[in-house]
Structures are given as structure tokens and as C-alpha cells.
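Colleague: Residue numbers (the numbering used here): 8 to 228. For glycine and all other residues, C-beta sits at the position ideal for the given N, C-alpha and C. Only a predicted model underlies this, so the values are computations on that prediction, with no experimental measurement involved.
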Amino acid sequence: MAASDSLPRTLGELRQSRFSEDRLANRTVKEEVRENLLCRLQRNEPLFPGIVGYEETVAPQVVNALLSRHNFILLGLRGQAKTRLIRMLITLLDEYLPFVEGSEIHDDPYHPISKFARNLVAELGDKTPIGYVGREQRYVEKLATPDVTIADMIGDIDPIKAARTGQNIADELTIHYGLLPRANRGIFAVNELPDLAGKIQVGLFNIMQEGDVQIKGYPVR
Numbered sequence: 008m009a010a011s012d013s014l015p016r017t018l019g020e021l022r023q024s025r026f027s028e029d030r031l032a033n034r035t036v037k038e039e040v041r042e043n044l045l046c047r048l049q050r051n052e053p054l055f056p057g058i059v060g061y062e063e064t065v066a067p068q069v070v071n072a073l074l075s076r077h078n079f080i081l082l083g084l085r086g087q088a089k090t091r092l093i094r095m096l097i098t099l100l101d102e103y104l105p106f107v108e109g110s111e112i113h114d115d116p117y118h119p120i121s122k123f124a125r126n127l128v129a130e131l132g133d134k135t136p137i138g139y140v141g142r143e144q145r146y147v148e149k150l151a152t153p154d155v156t157i158a159d160m161i162g163d164i165d166p167i168k169a170a171r172t173g174q175n176i177a178d179e180l181t182i183h184y185g186l187l188p189r190a191n192r193g194i195f196a197v198n199e200l201p202d203l204a205g206k207i208q209v210g211l212f213n214i215m216q217e218g219d220v221q222i223k224g225y226p227v228r
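#1: Answer yes or no: do Phe79 and Ala88 have a C-beta to C-beta separation smaller than 8 Å?
#2: Can you tell which of Arg47, Met160, Asp114 has the C-alpha that lies nearest to the C-alpha of Ala204?
#3: Nearest to Glu111 by CA position, among Met215, Gly185, Ile207, is which residue?
#4: Are Asn232 and Lys149 touching if we call contact CB-CB under 8 Å?
#5: Using 8 Å for Cβ pairs, my map puts Val40 next to Leu104. What's the rounded Cβ distance?
#6: From this set, Phe106, Leu180, Thr152, which residue's C-alpha is nearest Tyr139's C-alpha?
#7: Can you list the alpha helix (DSSP H) stretches of 4 or more residues lying completely in the region 98-133, in chain order?
#8: Quick one: grab the DSSP three-state call for Gly210.
#9: Tell whether a beta-carbon distance below 8 Å holds between Arg76 and Glu38.
#10: When you compare the region 54-61 with the region 20-38, are there three or more beta-carbon pairs, one atom per stretch, that lie closer than 8 Å?
#11: Can you name the start and end residues of the alpha helix (DSSP H) that Leu21 belongs to?
#12: Would you call the CB atoms of Lys206 and Gly19 closer than 8 Å?
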């Protein structure tokens with residue numbers, strides 16, 4: 008039996024488990040990473056195994072950034088293990104994260120942000136089905152190229168989805184989420200950031216600074 012098979016499967020069960028609202032509500036990914044990093048440091052476990060030469064330079068700065076709950080940019084020439092280092096941050100995430108089952112953006116069961124998840128929790132309450140995402144699935148990486156669009160990164164209204172479901176195109180349920188919203192409650196990395204169009208870089212920096220995003224006028228925070 009897989010380890011996830013024994014986990015709570017409804018919101019009511021979740022409230023009575025180690026994933027209780029007191030522990031998880033408003034716990035950000037940065038706080039999660041910080042807590043797990045502190046445990047690793049206390050146990051004196053290696054943080055970036057296989058990466059040699061950065062023990063006194065890059066690694067301490069990355070650790071300080073994580074402990075300070077910062078976003079950060081790694082600068083350097085190609086082939087200097089930047090991507091490999093970022094991918095190792097996956098090990099600082101919890102093994103499983105509960106979310107509203109069926110949500111495309113892994114909504115927090117206690118504070119859902121998508122209309123789909125909000126409606127489901129309002130309708131079913133403690134019977135809301137709960138799914139789990141593993142730490143590896145919470146890492147999203149994008150190689151930046153000049154042809155990447157705002158729709159690719161953030162999202163857009165999907166008229167085909169609206170026609171198929173019978174929703175008004177002005178309805179929030181017609182949103183097709185881009186990579187960044189799909190990385191909600193996870194780690195999002197962009198390789199070769201300067202290759203992105205300027206307006207997309209500005210949009211991403213605003214998200215890093217303000218913590219919210221708008222998709223065709225719909226605010227998602």
C-alpha cells in the first residue's frame with residue numbers, strides 16, 4: 008500500500024489529522040522550506056550533495072535567502088550547476104501536500120483561491136474530497152525563450168473551454184492557467200531569465216513583489 012493511501016481523504020478528516028488547519032492554514036511554501044531547512048541544519052545533513060566548490064560561497068548565500076523567506080536569482084555562466092542547485096530545493100518540501108481534489112492549481116483546502124475549489128468547499132463542506140501532491144510534482148521549471156507569452160506563463164481565457172462547458176466567457180471558470188499558477192504552493196524556476204520579453208519579466212517581478220497575479224482582469228492571490 009502506498010504511503011499516501013493512509014492519508015485523510017475528506018476535509019473533515021484532514022482537520023483531525025497532522026494536516027490540521029492550525030498547522031497548515033496560511034503556511035507559505037517559504038515557511039515550509041525554512042522549517043525543513045532548519046531541521047536539516049540541526050541534523051548537520053548535507054544540503055546540496057554532489058555540488059562541489061560552493062561550500063563557502065554560493066551555498067551559504069542560498070541558505071540565508073531561504074531562511075529569510077526570499078525569492079532569489081542565481082547569476083553565473085552556463086554549466087555552473089545553477090539549475091541543479093535549484094532542483095535540489097525539492098528535498099526541502101514536505102513529502103505530501105493536501106489540496107482540493109480536482110483543482111488545477113492545488114488549492115489549499117482551508118483557503119481555496121480558484122472558483123472551482125471555492126464552490127466545491129462551499130457545497131460539500133467537510134465532505135470535500137482531498138488529494139495529495141508529492142514534492143517532485145510541486146517543482147515547475149520553464150526554459151525562457153523570446154517567444155514565451157504571458158498566456159504561457161500566467162494564463163488566459165479559454166474560449167474553447169467556455170464553449171465546451173457552457174460557461175459565459177466572462178466566468179472565472181473559463182480561465183486556462185499558465186505555468187506559474189499551476190506551480191501554486193510549489194517552487195517555480197525560470198531558466199535563462201534575460202531571454203524573456205521585457206513585459207513578461209516585469210509581470211513576474213510584480214508577482215514576486217506583490218504576491219498576486221491577474222488573468223484577464225481576474226485577481227489571483
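Modeller: On the basis of the supplied data:
#1: no
#2: Met160
#3: Gly185
#4: This structure cannot settle anything about residue 232, because the visible part of the chain is limited to 8 through 228.
#5: So it is not a contact: roughly 12 Å between Cβ atoms.
#6: Phe106
#7: 122-131
#8: helix
#9: yes
#10: no
#11: 18-22
#12: no
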